[in-house]
Structures are given as structure tokens and as C-alpha cells.
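**Student:** With my numbering, letter number 284 in the sequence shown gets 726, and the count goes up by one each step, no holes.
First the structure, which I've put down as C-alpha cells, then a few questions once you've had a look.
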Amino acid sequence: MPGAGSLYTDHLPGRTLNLQGEEYLYCSGTSYLGIAVNEEFRSCLMEGMARYGTNYSSSRNSNLQLQVYEEAESYLAAYTGAEMALTMSSGYLAGQALVQVLQGEGAFFYAPGTHPAVWQSTAEVPGTEQSFEDWVACLIQALPDLPEQHVFLVCNSLDPLQAKAYAFDWLSALPKEKQVTLIVDDSHGLGVTGKDGAGICRDLSRYANIRPVVVSSLGKALGVPAGVILGEKQLLERVKTSSFFGGASPAVPAYLYAFLCCGKVYQEARQKLYANIACFLQHLRYPDSFRAIRHYPVFSTQQEELCPFLLDNKVLISSFRYPTPADAPITRVILNSQHTLQDVQHLAQLINKFEQVPEAG
């Protein structure tokens, strides 16, 4: 039986995980739609590699252009409701390319817990002590008196660690005399949240007083090792002509080919994930013991002992100390599309059993 601490494996888990010759139900990770082990996606990926090779390290500014990039970007723009989409080799690189292009153009304000992908420098590391709501309240009060005309507000679309959704209706209360650009990292939402899993981009477009820009990894729910920037054409063309874009190798084209081929695969996986979420909540005796977002597969709990209990019952969930080793563990149950309804029912039954056990003392 594996003990506490880091566990090691020599294969990628999907529905289950093999540890020391024993099979465990795997309820962790960020492959929410299970694409990393999806056989149909893998088949399309092999087709893509036959056409585009295993890698492509040329600049996107080369005089030879692979059409799959523009095809994928046109699809992503239409899918998310953005005016334009620009892909890069990772979500981190996409975020850095964007914020570096914007450097020096105004005052930057970072919400608590904002992902490092959209930091301009480590000197601007956002704290985690303040709540998102308190940050918003301070912003609304402070912005009218700022000397800068252009301000950049930077945040995540949701908190995947605490399973907390963020409201954005406060955007309509921002001062109209300021030019506001909102940069949102949607890495943990795109593919799962929003209409047809299209994320937050379309929702932000209804706020006429701001310029929304979304950056995202495509490697979480969508299972593609790449990143994307979604926003207005004028801004993204600036990123496209920057050295950050032209000097970087692009996303592996075979993965973008598979992404374009697998619309039905994503749709079916998303429906299966939603069914698993509904089943889990239905079979929990005390669903309120978890913090959760509607139709989202992450369930956060403060019950630290749940992880070792489930591990003893051959179920591995996510539990680690964050943001430092001195902090309390963040414990989460994470479902994915590879789980069966029987898996989910079994998991809920084990949690119900755990919550029946009286505390010592």
C-alpha cells in the first residue's frame, strides 16, 4: 500500500492508475474530458502525425505556412466568440507574449491567485490573502483616482483549487472615463465551462466598457499541448508581429489537426462528464461538505483525512500543500470523462462511509 507523500508511476493515468501492481481509481489531474487517453483522439493524432510529422520547430513567420494553424485559429475564434484567436506552444507562453507586448502601456492590477502565465514579472506576484471579492471592491474604489488612463486588470476565470466561480458583473460598475483591458486566464474553464464548453470569452464580450482578452492553455480539458490568446484583432495582430511570437516554435501541428477532427469526441466527452458530476452529487449523502461549481468536475473539501482514507480503499484524489509546504493541504475530488457511473457511485459510497466514521477525541 503506497504511503503518504509523492507517488510515482511509469504510465499516464486515465480512469485508473497502477501503483505497485495494484489498480486505483484515479480522481485527480486536469484531463477533465479524458482526452489524453481517448482512443478516437489518439487515432486522429496519428493521422495528423502522418501528415505533419511529430514536431514542427519553424517560426510562424516562415515563408512556408502550414494551413492547420489558421484553420485551428479560425475555429477557436468562432467557437469561443472571439474576434481573433492566436495559438502558441503553451498557455504560459501565450500569456507571457501578451503581457510583454502590453508592458509600459498602463497600470496593471492582479487579482489574488492570478496564474504566473500572465505576470509581467516576479516583482508583481499577487498575494493570496485577499479574497477576489475584496480585490474587486478595492479596485472599484481606487480606479477613479488613478493618474493612469489605461488600466489592465488580470485574473483567473475561476479558482480550480478551491472550486470557486468568479462573478464578473462588477465590470459594469467600472469608471467609464478609464480605458480598461481585462486579461483573464481561462485554462481551467475552456472545454468545460460556458456554452458547449467554450469558456468565458463570449460572456465577457457583453461588457461594452472594457476590452476583454482571454488567454488559456489548451492542455487541460481539450488535451492539446498548446495555448491560445482570444481577443480583438488589432491587439492580437500586435502580438503576432512581436518577437515573442515569431521567435518561438509553434504548437505541434498534428495536435491541432486532431483537435479540428474531434468536435464530436469533445461533445460526447463533455456530456459524459456532466453525467458523472450529476451522479456524484446525487449519491453523496452530504454534498454540502464539498465546495463546487455547477457543471464543473472539481470538488474541494477541508476534510484532510479523506485522502488517506480513500487511498486505503484504492482511490487516489488530489491533496497537496499550497502555495507553500507550510500551508494546509488542498484536498479535491476531481472527476473526468473516463470514469464510469459505477466508478462515481463507488466513490460517493466511500465518501459517505468516511463521513459516518466518528472523529477521534
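Ideal placement from N, C-alpha and C gives every residue a C-beta, glycine not left out.
1) I'd like the span of the beta strand (DSSP E) that includes glutamate 464, first residue to last.
2) With a 10 Å radius around its C-beta and 16 neighbouring C-beta atoms as the bar for buried, classify glycine 665 as buried or exposed.
3) Taking glutamine 538 as the reference, which of Tyr738, Phe751 and Val656 has the closest Cα?
4) Can you list, in chain order, the residues of its chain whose CB lies under 6 Å from that of tyrosine 521, leaving out five sequence neighbours each side?
5) Would the region 493-502 and the region 649-663 be scored as touching if the rule is three or more Cβ pairs under 8 Å?
6) Exposed or buried, which one is tyrosine 697 when buried takes at least 16 other CB atoms within 10 Å?
7) Rounded to a whole number of angstroms, what is the C-alpha to C-alpha distance between glycine 803 and glutamine 745?
8) Could you tell me how far apart the beta carbons of serine 500 and alanine 668 are, in whole angstroms, since I believe they sit closer than 8 Å?
9) Going straight from the alpha carbon of serine 448 to that of glutamate 679, what length do you get?
10) In whole angstroms, give me the CA-to-CA distance for alanine 536 and aspartate 452.
11) Using the Cα positions of valine 510 and serine 573, report the straight-line distance between them to the nearest angstrom.
12) I need the boundaries of the beta strand (DSSP E) containing glutamine 562, first residue and last residue.
13) Note down the Cα distance separating proline 554 from threonine 683, rounded to an integer number of angstroms.
14) Counting beta carbon pairs with one atom in the region 759-770 and one in the region 709-719, are three or more of them shorter than 8 Å?
15) In or out: alanine 579 buried (at least 16 other Cβ within 10 Å) or exposed?
16) I need the straight-line Cα distance from valine 626 to threonine 556, nearest angstrom please.
17) Exposed or buried, which one is asparagine 460 when buried takes at least 16 other CB atoms within 10 Å?
18) Anyone know if the C-beta pair for isoleucine 764 and isoleucine 772 falls short of 8 Å?
19) Whole angstroms is fine: what's the gap from leucine 789's alpha carbon to leucine 585's?
20) For a test of the three-state rule: what should DSSP assign to valine 786, helix, strand or coil?
21) On a Cα-Cα basis, can you pick out the residue from Thr458, Arg484, Gly463 and Ala605 that is closest to serine 731?
22) In whole angstroms, what is the alpha-carbon distance linking glutamine 807 and serine 779?
23) Rounded to whole angstroms, how far is the Cβ of tyrosine 468 from the Cβ of arginine 457, which I believe are closer than 8 Å?
24) Would you say alanine 524 and glycine 673 are within 8 Å of each other, going by their C-beta atoms?
25) What are the complete beta strand (DSSP E) segments, minimum 3 residues, inside the region 603-639?
**Tutor:** Concretely, from the data shown:
1) Taking the first residue of the sequence shown as position 1, residue 464 is located at position 22. Element bounds for glutamate 464: 464-469.
2) In the sequence shown, the residue the question calls residue 665 occupies position 223. Burial call: buried.
3) The residue you call residue 538 lines up with position 96 of the sequence shown. Answer by Cα proximity: Val656.
4) Within the sequence shown, numbered from 1, the residue matching residue 521 stands at position 79. If we look at tyrosine 521 and ignore the five residues flanking it on each side, its Cβ neighbours are Ala640.
5) As far as the Cβ criterion goes, the region 493-502 does not touch the region 649-663, which means the pair count is below three.
6) As a first step, residue 697 is located in the sequence shown; it is residue number 255 there, counting from the start. Buried.
7) Taking the first residue of the sequence shown as 1, we reach residue 803 at position 361. Taking the first residue of the sequence shown as 1, we reach residue 745 at position 303. At glycine 803, the pLDDT of 41 sits below 50, so the modelled position is not reliable; the number obtained from the coordinates is stated separately. One Cα belongs to glycine 803, the other to glutamine 745, and the distance between them is close to 16 Å.
8) Within the sequence shown, residue 500 is the residue found at index 58, counting from 1. Within the sequence shown, residue 668 is the residue found at index 226, counting from 1. Contact between serine 500 and alanine 668 is ruled out by a C-beta separation of about 16 Å, above the 8 Å threshold.
9) On the sequence shown, position 6 is the one that residue 448 refers to. On the sequence shown, position 237 is the one that residue 679 refers to. Between the alpha carbons of serine 448 and glutamate 679 lies a gap of roughly 43 Å.
10) To locate residue 536, count along the sequence shown from 1; it is residue 94. To locate residue 452, count along the sequence shown from 1; it is residue 10. Per the coordinates, the alpha-carbon of alanine 536 lies some 30 Å from the alpha-carbon of aspartate 452.
11) Your numbering for residue 510 matches position 68 in the sequence shown. Your numbering for residue 573 matches position 131 in the sequence shown. Each residue's Cα considered, the two are about 41 Å apart.
12) In the sequence shown, residue 562 corresponds to position 120, counting from 1. That residue, glutamine 562, is in no beta strand (DSSP E); it is neither H nor E in DSSP.
13) Taking the first residue of the sequence shown as 1, we reach residue 554 at position 112. Taking the first residue of the sequence shown as 1, we reach residue 683 at position 241. Looking at the two C-alpha atoms, the distance is approximately 31 Å.
14) Touching, no.
15) Working through the sequence shown from its first residue, we reach residue 579 at position 137. Residue burial annotation: alanine 579 is exposed, with fewer than 16 other C-beta atoms found within 10 angstroms of its C-beta.
16) Mapped onto the sequence shown, residue 626 falls at position 184. Mapped onto the sequence shown, residue 556 falls at position 114. If you take the alpha carbons of valine 626 and threonine 556, they lie about 9 Å apart.
17) Position 18 of the sequence shown, counting from 1, holds the residue named residue 460. In summary, asparagine 460 is exposed, with fewer than 16 beta-carbon neighbours lying within 10 Å of its beta-carbon over all protein chains present.
18) The residue labelled residue 764 in the question sits at position 322 within the sequence shown. The residue labelled residue 772 in the question sits at position 330 within the sequence shown. Correcting the residue identity first, residue 764 is tyrosine in this sequence and not isoleucine. With respect to isoleucine 772, tyrosine 764 sits close: the two C-beta atoms are nearer than 8 Å.
19) Taking the first residue of the sequence shown as 1, we reach residue 789 at position 347. Taking the first residue of the sequence shown as 1, we reach residue 585 at position 143. Between the C-alpha atoms of leucine 789 and leucine 585 there is a straight-line separation of about 47 Å.
20) Position 344 of the sequence shown, counted from the first residue, corresponds to residue 786. It is helical.
21) For this step, residue 731 is matched to residue 289 along the sequence shown. Considering only Thr458, Arg484, Gly463 and Ala605, the residue with the shortest C-alpha distance to serine 731 is Ala605.
22) Given a span of 443 to 803 for the chain in the structure shown, any question on residue 807 remains unanswerable.
23) Along the sequence shown, read from residue 1 onward, the residue named residue 468 stands at position 26. Along the sequence shown, read from residue 1 onward, the residue named residue 457 stands at position 15. Contact holds; Cβ gap of about 7 Å.
24) Numbered from 1 along the sequence shown, position 82 holds the residue referred to as residue 524. Numbered from 1 along the sequence shown, position 231 holds the residue referred to as residue 673. In terms of Cβ geometry, alanine 524 and glycine 673 form a close pair [threshold 8 Å].
25) List check, beta strand (DSSP E) in window: 621-627.
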